[in-house]
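All the letters of the sequence shown, read from the start, carry residue numbers 1 to 504 under the UniProt record's numbering.
Glycine included, each C-beta is placed from N, C-alpha and C at the ideal position.
Model, not experiment: these values are computed from the prediction.
Below: the structure, in structure tokens.
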Amino acid sequence: MKIQMAWSPKSLQELATQSVAILLTEDFTPADYAAVSTIVATDVATFLEHKKFKGCAGSMVTLPVIHEKKTIKFFFVGLGKKEDGVLNIETYRRALGTLITTAQAKHLESLSFVMPAAEQFGLESAFFAQQTGSILEIAGYKYDAHVSKKADAPADLAVTVSYQGSDATQAVKGFDAGHIIAQAVNRERDWVNTPPSRLTPTHIADMAQELAQEHGLQCTIFDGKKIKELGMEGLHGVSRGSHQDPRFVILEYKAKHADAQTIGFVGKGITFDSGGLSIKPADSMEEMKEDMAGAGSVINSIVALAQLQPNVNIVAVAAITENLIGPDALKPGDILKFYNGKTAEVRNTDAEGRLVLADALSYVTKNYKLDAVIDIATLTGACIYAVGPFFSALLSDNPKLSDLVKAAGERSGDKVWALPFTSDFKTAIKSEVADMQNIGNRSIAAGTITAAWFLHEFVENKTPWVHLDIASSAYNVPNISYYRSGATGSSVRLLIDLAMNWKA
Numbered sequence: 001m002k003i004q005m006a007w008s009p010k011s012l013q014e015l016a017t018q019s020v021a022i023l024l025t026e027d028f029t030p031a032d033y034a035a036v037s038t039i040v041a042t043d044v045a046t047f048l049e050h051k052k053f054k055g056c057a058g059s060m061v062t063l064p065v066i067h068e069k070k071t072i073k074f075f076f077v078g079l080g081k082k083e084d085g086v087l088n089i090e091t092y093r094r095a096l097g098t099l100i101t102t103a104q105a106k107h108l109e110s111l112s113f114v115m116p117a118a119e120q121f122g123l124e125s126a127f128f129a130q131q132t133g134s135i136l137e138i139a140g141y142k143y144d145a146h147v148s149k150k151a152d153a154p155a156d157l158a159v160t161v162s163y164q165g166s167d168a169t170q171a172v173k174g175f176d177a178g179h180i181i182a183q184a185v186n187r188e189r190d191w192v193n194t195p196p197s198r199l200t201p202t203h204i205a206d207m208a209q210e211l212a213q214e215h216g217l218q219c220t221i222f223d224g225k226k227i228k229e230l231g232m233e234g235l236h237g238v239s240r241g242s243h244q245d246p247r248f249v250i251l252e253y254k255a256k257h258a259d260a261q262t263i264g265f266v267g268k269g270i271t272f273d274s275g276g277l278s279i280k281p282a283d284s285m286e287e288m289k290e291d292m293a294g295a296g297s298v299i300n301s302i303v304a305l306a307q308l309q310p311n312v313n314i315v316a317v318a319a320i321t322e323n324l325i326g327p328d329a330l331k332p333g334d335i336l337k338f339y340n341g342k343t344a345e346v347r348n349t350d351a352e353g354r355l356v357l358a359d360a361l362s363y364v365t366k367n368y369k370l371d372a373v374i375d376i377a378t379l380t381g382a383c384i385y386a387v388g389p390f391f392s393a394l395l396s397d398n399p400k401l402s403d404l405v406k407a408a409g410e411r412s413g414d415k416v417w418a419l420p421f422t423s424d425f426k427t428a429i430k431s432e433v434a435d436m437q438n439i440g441n442r443s444i445a446a447g448t449i450t451a452a453w454f455l456h457e458f459v460e461n462k463t464p465w466v467h468l469d470i471a472s473s474a475y476n477v478p479n480i481s482y483y484r485s486g487a488t489g490s491s492v493r494l495l496i497d498l499a500m501n502w503k504a
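Listed below in structure tokens is the structure:
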């Protein structure tokens, strides 16, 4: 089942859909559900009181009625209460998520609701409509590509958003932008959810090239031979255990203004991570198709931005390979020389993500004049314990860029939490036989932080840098109604928001 969205100036009575949602705050009055009272014979106030519905965040009750010989389901959905004079946008997102998943579970074919006034949330109408449109589609996503279809499969859910505000033109633009963002998020989720034997490095590179051609992006792809010629021993080394050739993908978006600044996005793309010779336990390997989520995020973010056209140039780089066991696989004790000439001792082949990112970061910061670079990776298991599933970890030595990324996370719903990044942790990656080692000293622990210090060594030309570890947030996030099991599309919304609101 998929979501088909539409925008309409018509009232709920005129739309006459199979189901109708009424969004109510904790201080609601009968006037807020007057549209229902004109249709149903039931005393709505008595019904809500009987159901103990008070508009609390996360609450919802259903009132089925017969109207003109048709059954209509009315969903009363709680938006919570105002804090400091405004409603919470994340509560609204989750309310829409609950609404969509409930409608789909009931096999409904049509749903309508009136979009609340953006002012209640302290937001502009275009942005609020963007959030509405994107979350409806994100919530409706379900990965079922390999489930046998039945003849009685439910129809798609058609969702119509009614809005009659004076700023409807701007709201429609925002709604359309939300569709573009949701497409990027859900495409990334498709990639992450795809079985790893199907989603190979070559397949991702081919899809990136097709998307680039479709949306006017410049695309450059290096194969394994070119990667080796360039001296990218990190990416090449990790790929040696697999018969799948690695790929290094570069996508470029050019803003219309000649004086526009340039941001780099760098993504880790391990299409399956066995751990290499430092092999993972079987139960830790089950979800390792998700280890390319960073690459999926940067590729799909720049594709969306090509359509939204921000006033900032974007360079998105993805280092893509498998990490498997084979006759020529990387071994603990090997020493690698990276694109920027630095060396690292491989102490653990399951700390491979930082090896491929090292080449990607040094390449993009050496060959492009960047005003900022953000790398995204499912990098460390430690991140899950450090920040939990509702945040990605942020690490950086640049407070200004960190603040911009944190603000983008708050606006978009892709929230981040900053971890300490002092030089005390850097000593953990010191090696006796190379410039550094690829895993931190156990006496210091803090694996998410020490991994970031490793990456820091490959940021050239003093480029402002932020590292986002999305190992915590990329897959199977509980309690957020607009996510289902599997991939979440973590960081796609953040990167798009950052570029669209870029201020140096």
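Do you know offhand how far residue i's Cα is from residue j's?
| i | j | result |
| --- | --- | --- |
| Leu99 | Ala158 | 13 Å |
| Leu330 | Ile270 | 15 Å |
| Leu495 | Ala293 | 13 Å |
| Arg354 | Asn438 | 7 Å |
| Ser362 | Phe458 | 5 Å |
| Gly409 | Asp497 | 8 Å |
| Ala471 | Pro281 | 17 Å |
| Ala31 | Asp403 | 41 Å |
| Arg347 | Asn441 | 10 Å |
| Ala316 | Trp465 | 14 Å |
| Lys366 | Glu90 | 39 Å |
| Thr220 | Pro246 | 14 Å |
| residue 505 | Gly234 | Since the first residue shown for the chain is 1 and the last is 504, residue 505 is missing from the structure and cannot be characterised. |
| His243 | Glu214 | 30 Å |
| Ala319 | Thr448 | 20 Å |
| Ala177 | Ala139 | 16 Å |
| Val44 | Lys52 | 12 Å |
| Glu26 | Thr169 | 30 Å |
| Lys342 | Tyr385 | 31 Å |
| Ser148 | Ala434 | 53 Å |
| Gln307 | Pro116 | 27 Å |
| Lys337 | Leu394 | 27 Å |
| Lys69 | Gly58 | 32 Å |
Tell me the DSSP bridge mates of residue i?
| i | result |
| --- | --- |
| Gln4 | Ala158 |
| Val114 | Ser162 |
| Ser392 | Val416 |
| His467 | Asp375, Leu395 |
| residue 505 | Residue 505 cannot be examined here, being either before or after the span of the chain that is shown, 1 to 504. |
| Leu23 | Val77 |
| Lys70 | His67 |
| Asp321 | The residue asked about is misnamed: residue 321 is Thr in this sequence, not Asp. Its beta-bridge partners are Ile270. |
| Lys337 | Thr343 |
| Leu251 | Cys219, Ala316 |
| Tyr475 | Ala487 |
| Val86 | Glu83 |
Taking residue i as part of the alpha helix (DSSP H), name the residues at either end of that continuous run.
| i | result |
| --- | --- |
| Tyr385 | 382 to 387 |
| Gln104 | 89 to 105 |
| Gly241 | Run containing Gly241: none; DSSP gives neither H nor E here. |
| His50 | 44 to 50 |
| Asn398 | Taken as a continuous stretch (DSSP letters only), Asn398 belongs to no alpha helix (DSSP H), as it is neither H nor E. |
| Glu214 | 201 to 215 |
| Lys366 | 353 to 367 |
| Arg187 | 168 to 193 |
| Val127 | Reading off the sequence, residue 127 comes out as Phe, not Val. That run of the alpha helix (DSSP H) goes 125 to 140. |
| His456 | 447 to 456 |
Check for me: the beta strand (DSSP E) holding residue i runs from which residue to which?
| i | result |
| --- | --- |
| Gly267 | 262 to 273 |
| Phe222 | 218 to 222 |
| Pro64 | 60 to 67 |
| Asn501 | Per DSSP, Asn501 belongs to no beta strand (DSSP E) and is neither H nor E. |
Excluding the five sequence neighbours on either side, which residues of its own chain have a C-beta within less than 6 Å of the C-beta of residue i, listed in chain order?
| i | result |
| --- | --- |
| Ser8 | Thr160, Ser162 |
| Asn311 | Ala255, His257, Ala260 |
| Ala129 | Ala171, Gly174, Phe175 |
| Ser110 | Thr17, Gln18, Ala158 |
| Asp291 | Ile270, Asp273, Thr378 |
| Glu137 | Ile3, Ala182 |
| Ser125 | Ala118, Asp167, Gln170, Ala171 |
I'd like the list of long-range same chain contacts for residue i, defined as Cβ closer than 7 Å, with 5 residues on each side in sequence excluded.
| i | result |
| --- | --- |
| Phe28 | Gly55 |
| Leu12 | Val20, Ala35, Ser112, Val114, Ser162 |
| Pro389 | Ser472, Ser473, Val477, Pro478 |
| residue 517 | The structure shown does not extend to residue 517, since the chain is modelled only from 1 to 504, so the question has no answer here. |
| Phe425 | Ile444, Ala446, Ile449, Thr450, Trp453 |
By Cβ distance below 8 Å, which residues in the same chain neighbour residue i in space, the five residues on each side in sequence not counted?
| i | result |
| --- | --- |
| Glu287 | Tyr475, Asn476 |
| Asn313 | Glu252, Tyr253, Lys254, Ala255, Ala260, Gln261, Thr262, Ile263 |
| Gly85 | Gly122 |
| Thr321 | Pro201, Leu235, Val238, Ser239, Ser242, Gln244, Pro246, Arg247, Gly269, Ile270, Thr271, Val356 |
| Thr486 | Here the sequence assigns Gly to residue 486, which means Thr is not the residue at that position. Correct list, in chain order: Tyr143, Arg189, Val192, Asn193, Tyr475, Asn476. |
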